[in-house]
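J.:
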Amino acid sequence: MSDDPRTRTGGGAPAKTADRSGWPLWEVFVRPRRGLAHHHVGSLHAPDAELALRNARDLYTRRQEGVSIWVVPAAAITASSPDEKDAFFAPAADKVYRHPTFYEVPEGAAHL
Amino acid sequence: MSGCNTCSVHGHHFPEPGDGPASGLLGQVEAAEAALRAAAERGRPGAPDGAAGDTDPQEYFTALIEADQKIEPRDWMPDAYRRTLIRQIAQHAHSEIIGMQPEGNWITRAPSLKRKAILLAKVQDEAGHGLYLYAAAETLGVSRDELVELLLAGRQKYSSIFNYPTLTWADVGAIGWLVDGAAIVNQVPLCRCSYGPYARAMIRICKEESFHQRQGYEILYTLAHGTPAQREMAQDAVNRWWYPSLAMFGPPDRDSTHSEQSMAWKIKRFSNDELRQRFVDMCVPQAEILGLRIPDPELRWNPERQSYDFTPPDYAELMRVISGDGPCNRQRMARRRRAHAEGAWVREAAAAYAAKRAARATAPTEVAA
Amino acid sequence: MKTTVDHLLALGDDALIAAQRLGEWVAAAPELEEDVALANIALDQLGAARLLLTYAGELEGAGRDEDALAYLRDDREFRNCLLVELPNGDFAVTMAKLLFLAAYQLTLYTALSGCADERLAAIASKARKEVAYHLDHARLWTVRLGDGTAESHRRMQAAVDEIWPYTHELFLPDPTAPVDPAGLRAEFLAIVEPVLAEATLERPADDWAPEGGRRGLHTEHLSYLLAEMQVLHRAHPGARW
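Put into structure tokens, the structure is as follows:
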């Protein structure tokens with residue numbers, strides 16, 4: 360999911376999403392590994408940058424997909440700071456049950 | 183694409199669309215992803231990528247579709263294409279969100295801590311998938327708030343399967359195996375959908391969902407090989423979920439209203455009946471390994487068609503459930519409405535705080551200026 | 027000090043009952059993003075509970091695994107604090123519970139991660155990172171609700187007032203514990219008082235201080251929670267799942 364943020368309805372600007380509670384849309388960029396650039400992974404709604412960052416961590420890095428996140432409303436960019444990385448991403452490491460290889464598939468069972 | 187030289191690895195010889203059976207559904211998702219990348223690198227034949235130039239937008243759109251290129255948010259697209267996608271993606275997103283309820287029903291009673299953790303992670307994934315899909319829909323110029331309002335007002339649908347109750351723990355297994363299995367059969371072709379944001383969302387979702395089906399299968403396998411009471415629970419769940427799962431593929435092709443145009447636009451790649459057949463062919467050998475019976479006396483291998491003959495689901499029942507008279511329609515909607523209404527003060531508080539803080543942040547600048 | 031089964035049960039039961047309560051929020055959170063966040067926190071707590079209960083079972087040496095301890099004990103045998111078993115209430119109550127629990131767990135796990143029991147230290151060290159995130163989540167919401175609208179301020183203050191008395195139990199002295207909780211209260215206050223201040227909330231007075239959880243004397247709520255959690259497991263004695 361790498362959709363041009365500028366094309367979105369209310370992309371960053373709360374204008375069109377202000378109809379209910381005014382939680383604007385944020386675009387999320389994740390650096391998957393050291394040595395790679397941040398890339399766009401999707402979007403989410405959050406009332407402010409701090410919660411956008413937390414929500415992005417929960418939503419887009421549940422399977423250790425990233426080491427760093429940016430959230431972007433309109434022109435502003437907010438990044439998770441390097442010293443938070445440990446607490447931010449470590450918890451996903453032991454959730455092996457999120458990966459299909461965690462499950463025993465009886466011999467012969469296909470298409471699972 | 184691994185070709186068919188891997189067929190011999192497996193004892194079973196059911197038909198396999200796309201690549202070899204060893205790679206399974208995940209392999210098909212990866213193939214779709216590779217195709218997406220290849221198409222992106224190819225560009226549109228005969229024109230610099232993205233440069234519509236003086237071409238007629240309708241012609242350009244059609245040429246992109248024919249060249250298996252993706253339509254992207256800022257491209258011109260026919261209004262009906264946009265409307266169809268919004269309707270389909272929204273319905274898909276709503277299904278993920280409402281679909282949290284029947285399984286969520288068992289989180290507090292999961293019979294082991296391991297199962298509780300798995301189920302929590304699974305239901306959490308469904309919320310995440312709903313969010314990916316709402317985000318994809320939003321690229322088409324509709325806001326998530328609007329879509330949520332349409333759902334709560336009953337003006338947009340969600341998959342009718344979630345209007346059936348989860349009566350026992352085995353239902354969690356049956357949902358994983360049959361409902362998620364049917365969903366994956368439906369969704370894997372959507373990884374090749376012509377609309378870029380939807381295709382990319384589906385690739386991500388299918389990869390994550392492969393664990394969902396396996397955990398369900400594992401639950402049923404454990405129950406089917408457990409105590410007599412557990413075995414009975416497992417068979418009962420399969421009995422109740424089999425036909426509703428077949429109905430998930432929608433009405434038969436002869437009655438399907440949206441299919442033809444969607445196929446032409448490459449939003450949809452296979453007909454309802456084709457996908458239903460593919461699902462049945464997949465499930466039969468899996469049920470044998472489980473040691474559970476598919477509740478269809480007419481089920482048998484047809485060597486001519488190289489497929490299983492089966493009893494179709496009760497489409498009249500499907501229509502009744504879609505129109506609101508399933509066992510849990512009212513309950514599911516009431517719960518969604520209640521969560522939404524009870525959360526309003528929280529959402530408003532967060533918005534108010536953000537506004538206050540923005541005001542505080544700009545105030546000193548104004549003084550300085 | 028030497029680790030005992032009771033100490034491990036206290037830690038593990040806190041985490042387990044907290045996870046059970048958070049699991050009740052699924053599909054009912056104020057926003058979908060928050061459904062995802064609460065489930066994440068529940069998963070972390072559940073993960074810690076499993077490690078701690080497994081260790082408790084092994085230390086006990088009576089052949090009880092994590093499930094035997096979670097599903098086959100009655101409420102009088104649970105060692106969790108009262109705070110975690112209290113009903114979720116509205117979102118403000120849930121955030122107040124999480125704020126106080128996470129602040130307590132952060133100080134405790136941090137101290138335990140340096141304790142002589144290497145296995146416990148390793149569990150605490152892992153859990154510490156997770157609860158730092160829980161604390162952060164609760165802090166963000168406490169501030170937003172406290173300093174949001176008049177309605178949210180009223181609800182958040184009421185939640186803090188309701189839950190505050192139950193924080194005293196967390197710091198009852200236990201000189202036999204690997205880390206005596208009595209020494210952690212100052213650190214706890216140093217975390218939560220600035221959060222309450224930033225949230226424009228009043229820090230409640232220290233008066234009523236209900237306790238008993240560590241001795242197996244619970245509120246009326248726990249028995250209902252366990253009835254729901256244990257019903258299926260107990261209906262099929264000896265079954266595998």
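Protein chains in written order, with the numbering used here: chain A, 360 to 471; chain B, 183 to 551; chain C, 27 to 267. Using N, Cα and C, we set each Cβ at its ideal position, and we do this for glycine too. If you're wondering where the values come from, they're calculated on a predicted model, not measured in any experiment.
(1) Just to confirm the assignment, what range does the alpha helix (DSSP H) spanning B:W424 have?
(2) Is any beta-carbon of chain C found at less than 8 angstroms from that of B:E530?
(3) In chain order, which continuous runs of the alpha helix (DSSP H) of length 4 or greater are located wholly inside the region 485 to 516 of chain B?
(4) Which of the three DSSP states is assigned to C:A253 in this structure?
(5) Among the candidates C:R165, C:A203, C:F214 and C:D40, whose CA atom is the shortest distance from the CA of C:C141?
(6) For chain B, is any of its Cβ atoms less than 8 angstroms away from the one on A:S427?
(7) Between which two residues does the alpha helix (DSSP H) carrying C:V110 extend?
(8) Using only the alpha-carbon positions, how far apart do C:L134 and C:A216 sit?
(9) Evaluate the contact criterion for the region 418 to 436 of chain B versus the region 355 to 364 of chain B: three or more CB pairs, one atom per stretch, below 8 angstroms.
(10) Between B:A317 and chain A, is the shortest Cβ-Cβ distance under 8 angstroms, so that the two count as touching?
(11) Run down chain A in chain order and give the residues with a C-beta less than 8 angstroms from the C-beta of C:E166.
(12) For the region 76 to 90 of chain C and the region 48 to 56 of chain C, state whether three or more C-beta atom pairs, one from each stretch, are separated by less than 8 angstroms.
(13) Do you know offhand how far C:Y336's Cα is from C:E59's?
(14) Using 8 angstroms as the limit for Cβ to Cβ distance, is A:A405 near chain C?
(15) Leaving aside the five residues before and after C:L4 along the sequence, list all residues of the same chain whose C-beta is less than 8 angstroms from its C-beta, in chain order.
(16) Note down the Cα distance separating C:E103 from C:D39, rounded to an integer number of angstroms.
(17) Verify whether the separation of the beta carbon atoms of B:L315 and B:I271 is less than 8 angstroms.
(18) Under 6 angstroms Cβ to Cβ from C:A137, same chain only, skipping five residues before and after it: list those, please.
(19) Starting from B:W351, follow the alpha helix (DSSP H) in both directions and report where the run begins and ends.
(20) So is B:P293 buried or exposed if we call it buried at 16+ other beta carbons inside 10 Å?
(21) Pair every Cβ in the region 307 to 325 of chain B with every Cβ in the region 381 to 401 of chain B, then say whether three or more of these pairs are closer than 8 angstroms.
(22) So which residues on chain B does C:L69 lean against when the C-beta distance must stay under 8 angstroms?
(23) Would a check of beta-carbon distances place B:P284 closer than 8 angstroms to chain A?
(24) Within a Cβ cutoff of 6 angstroms, which residues of the same chain sit near B:C510, ignoring the five residues on either side of it in sequence?
(25) Mind listing the chain A neighbours of C:A63? Cutoff is C-beta to C-beta under 7 angstroms, in chain order.
(26) Three Cβ pairs or more, each shorter than 8 angstroms: is that satisfied between the region 79 to 98 of chain C and the region 254 to 261 of chain C?
(27) When you compare the CB positions of B:T290 and C:G49, do they come within less than 8 angstroms of one another, or not?
(28) Taking C-beta pairs closer than 8 angstroms, name the residues in chain B that A:W382 reaches, listed in chain order.
(29) Is there a Cβ of chain C sitting closer than 8 angstroms to that of B:L329, yes or no?
(30) Taking a contact to mean a Cβ-Cβ separation below 8 angstroms, would you say B:A299 touches B:Q251 in this structure?
(31) With which residues is B:I471 paired in a DSSP beta bridge?
(32) If you draw a straight line from the C-alpha of A:E386 to the C-alpha of C:C107, how long is it?
(33) B:Q306 and C:N66: beta carbons closer than 8 angstroms?
(34) Whose Cβ in chain A lies nearer than 9 angstroms to the Cβ of B:A272?
(35) Below 8 angstroms between beta carbons: does that hold for B:P434 and B:Y490?
(36) Does any residue of chain A have a CB that is nearer than 8 angstroms to the CB of B:R539?
T.: Taking the definition as stated:
(1) P410 to A429
(2) yes
(3) 497 to 502
(4) helix
(5) Answer by Cα proximity: C:A203.
(6) Output row for A:S427: interface = no.
(7) For C:V110, the uninterrupted alpha helix (DSSP H) run begins and ends at L108 to E111, by DSSP.
(8) 14 angstroms
(9) yes
(10) Taking Cβ atoms only, chain A reaches closer than 8 angstroms to B:A317, which makes this a yes.
(11) In the sequence on display, residue 166 of chain C carries Leu and not Glu. By Cβ distance, chain A contributes E409, L410 and R413.
(12) no
(13) No information on residue 336 of chain C is available, as it lies outside the stretch 27 to 267 that chain C covers here.
(14) Answer yes: the Cβ-Cβ gap between A:A405 and chain C drops below 8 angstroms somewhere.
(15) The structure shown has nothing for residue 4 of chain C, since chain C only spans 27 to 267.
(16) 10 angstroms
(17) yes
(18) V205
(19) Start and end: W351 to A356.
(20) buried
(21) yes
(22) A299, L302, A303 and Q306
(23) no
(24) Excluding residues up to 5 positions away in sequence, N345 and P347 lie with their Cβ nearer than 6 angstroms to the Cβ of B:C510 in the same chain.
(25) R413, N414 and D417
(26) yes
(27) yes
(28) R529, A532 and A533
(29) no
(30) no
(31) Answer is none; B:I471 lacks a bridge partner.
(32) Here the C-alpha atom of A:E386 lies approximately 41 angstroms from the C-alpha atom of C:C107.
(33) yes
(34) Those do not exist, as B:A272 stays about 13 angstroms from chain A at its closest Cβ, beyond 9 angstroms.
(35) no
(36) yes
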